[in-house]
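Position one of the sequence shown corresponds to residue 1 (this note's numbering), numbered consecutively onward.
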Amino acid sequence: REHPDEFVSEGGFVELGCGLLTGTERRRTDQVEGIRPECDTWLEDWAAAAEADPGDVAVIQLGPWEVADQKLDPAGEFLSVATSPELRAVMQQRLAAAVDVLAAHHKVVVILAPPTVSFGRTDGRDPPSPYPASDPARMQAFGGIIDEVAASRDRVAVVDLAGWVASQPDDN
C-alpha cells in the first residue's frame with residue numbers, strides 16, 4: 001500500500017446473536033431461546049469471508065452469548081461455562097476451528113478479551129437481582145478458553161480492548 005500507516009478495513013462477517021454453539025438453546029435471563037438457524041453456518045460464513053477478502057489482521061469478538069446457560073444437545077441440560085468442563089471443551093474446539101479458518105487467510109488473528117457483562121441493565125441501572133449470566137466467573141471462564149486457544153496457535157493475540165477503553169480519559 002502507498003500508506004501502510006493508514007488503517008484499511010476490509011470485509012468480514014457479523015451476525016448478532018450468534019455464538020460458538022449452534023442448533024440448540026440458550027438461557028441468558030429467565031427466557032429460553034433457540035439459537036437462530038442462520039447461526040448454524042457461522043464457521044462456513046467466516047471461512048468464505050476470509051477467503052474472499054484476506055488481510056493482515058482478523059479480529060474475533062465473542063462473549064455475551066458464550067456466558068449464557070447453554071445446552072450442548074437440544075434434549076440435554078443447561079450448562080454454564082463456569083462449571084461445565086464439557087461445555088468449555090466444545091467452546092474451545094469451536095473457537096480453535098474459527099481461529100484456524102481465519103489464520104489460513106490472515107497474517108494475525110486477534111481475539112478481543114471478553115469484558116464483564118451485566119445483563120438486564122435498563123437506563124444504566126442493573127436489575128434488582130443479578131442474572132446468572134452476569135456472574136464474572138462465567139466471563140473469566142470464557143476468557144480462559146480464549147487464552148488457551150491463543151496460546152496453542154501461532155500468530156494469535158488476545159487484546160483487552162475493554163480494559164484499554166476503560167483506561168482512557170472520558171473526554172465527553
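Where a beta carbon is used, it is the ideal one built from N, C-alpha and C, also for glycine. As the structure is a computational prediction, the values presented were derived from the model and not from experiment.
- Pairing A103 with R155 gives a Cβ-Cβ distance under 8 Å.
- A Cβ-Cβ distance of about 6 Å is found for the pair V81 and L87, placing them in contact under the 8 Å criterion.
- Rounded to whole angstroms, C39 and R125 show a C-alpha spacing of 30 Å.
- Uninterrupted alpha helix (DSSP H) stretches at least 4 residues long and entirely within the region 106-159 occur at 136-151, given in chain order.
- Under the DSSP assignment, E66 falls outside any beta strand (DSSP E); it carries neither an H nor an E label.
- Contact between the region 155-168 and the region 134-142 is absent: fewer than three C-beta pairs spanning the two stretches fall below 8 Å.
- Ranking V110, V101, W65, D147 by CA distance to the CA of T22 puts W65 first.
- Your pair V67 and A133 checks out as a contact, with CB atoms roughly 5 Å apart and the cut at 8 Å.
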